[in-house]
Amino acid sequence: MPKRLGILISGRGSNLQAIIDATADGRLDAVIAVVISNRPGAPGLERARAAGVETLVIDHTTFSSRSAFDRALVAELERRHVNLVCLAGFMRLLGSEIIDAFPNAILNIHPSLLPAFPGLDAQRQAWEHGVRVSGVTVHFVTKDLDAGPIVLQAAVPVRDDDTPETLAARILVEEHRTYPEAIARVLAGGWRIEGRRFTRPPTHPTNGVRSFDT
Ligand code: GAR
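So for the sequence shown, this note's numbering puts the first residue at 99; every next one is plus one.
Set out below in structure tokens:
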């Protein structure tokens, strides 16, 4: 039976769209059980509706505390038997209520090569720092911001004539490719987390020769 995803958004929803597209064309064997936005006007909600996916708004401003908001998220996700929660441009910190309810089952996508440039506006941070390479990271969510075990990364060059906006656009292309692939890897199972390291056993005999696999 396909695994059930709960996707949390706050805005545009282009990564949500990439996940919708991957489930539609068979790259991702999963069902999107619900899309939840913490912002009532998030454009991503319309993308979900257009794909026939259930949407919910859980407006964080209507809750008296962070933990009450988190508990509301957990209740709705559990009600829909969600196996894996995917943050897709979800701009709220999650607390222990939801992290403990979904152990090693919450993913986030971040537009930098973590641990460089955590937090907001990562593409601008990278551009201002003058790095020559940045990229995208998909990682498990833990209590520390943008710091959980890394599932997948992809590098993106920074060009001399880049602006923060052109760099963000180049990174976004890689985000849309990377997130469905990372979700598929996690859903496929057979992995372990050793310390901070997400590890998978080899999928094919190596004959002593290690192939490079990002
Ligand atoms: C994406 O670039 C995502 O990596 C970033 O927000 C954007 C959301 O775009 N997330 C973070 O910065 C999380 N710290 P989208 O709504 O079009 O997917």
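All C-beta atoms in this analysis are idealised placements derived from N, C-alpha and C, irrespective of residue type, glycine included.
With a cutoff of 6 Å, N113 counts as near ligand 1, since its C-beta is closer than that to a heavy atom of the ligand. Taking 7 Å as the cut-off, the Cβ atoms of E195 and S163 do not count as close. Of the residues assessed, D168 falls on the buried side of the cut-off, its CB having 16 or more other CB atoms within 10 angstroms. Of the residues I134, G233 and P201, the one whose Cα lies closest to the Cα of G187 is I134. Within its own chain, the residues whose Cβ lies closer than 7 Å to the Cβ of L154, once the five positions on either side in sequence are excluded, are V132, I134 and E174, listed in chain order.
The C-beta of L143 has 16 or more other C-beta atoms within 10 Å across all chains shown, which makes the residue buried. In this structure, R230 sits near V256, with a CB-CB distance shorter than 7 Å. Residue state for T121 is assigned as helix, using DSSP reduced to three classes.
Put simply, of N136, L103 and R294 the residue whose alpha carbon is nearest the alpha carbon of E176 is L103. Taking 7 Å as the cut-off, the Cβ atoms of A140 and I156 do not count as close.
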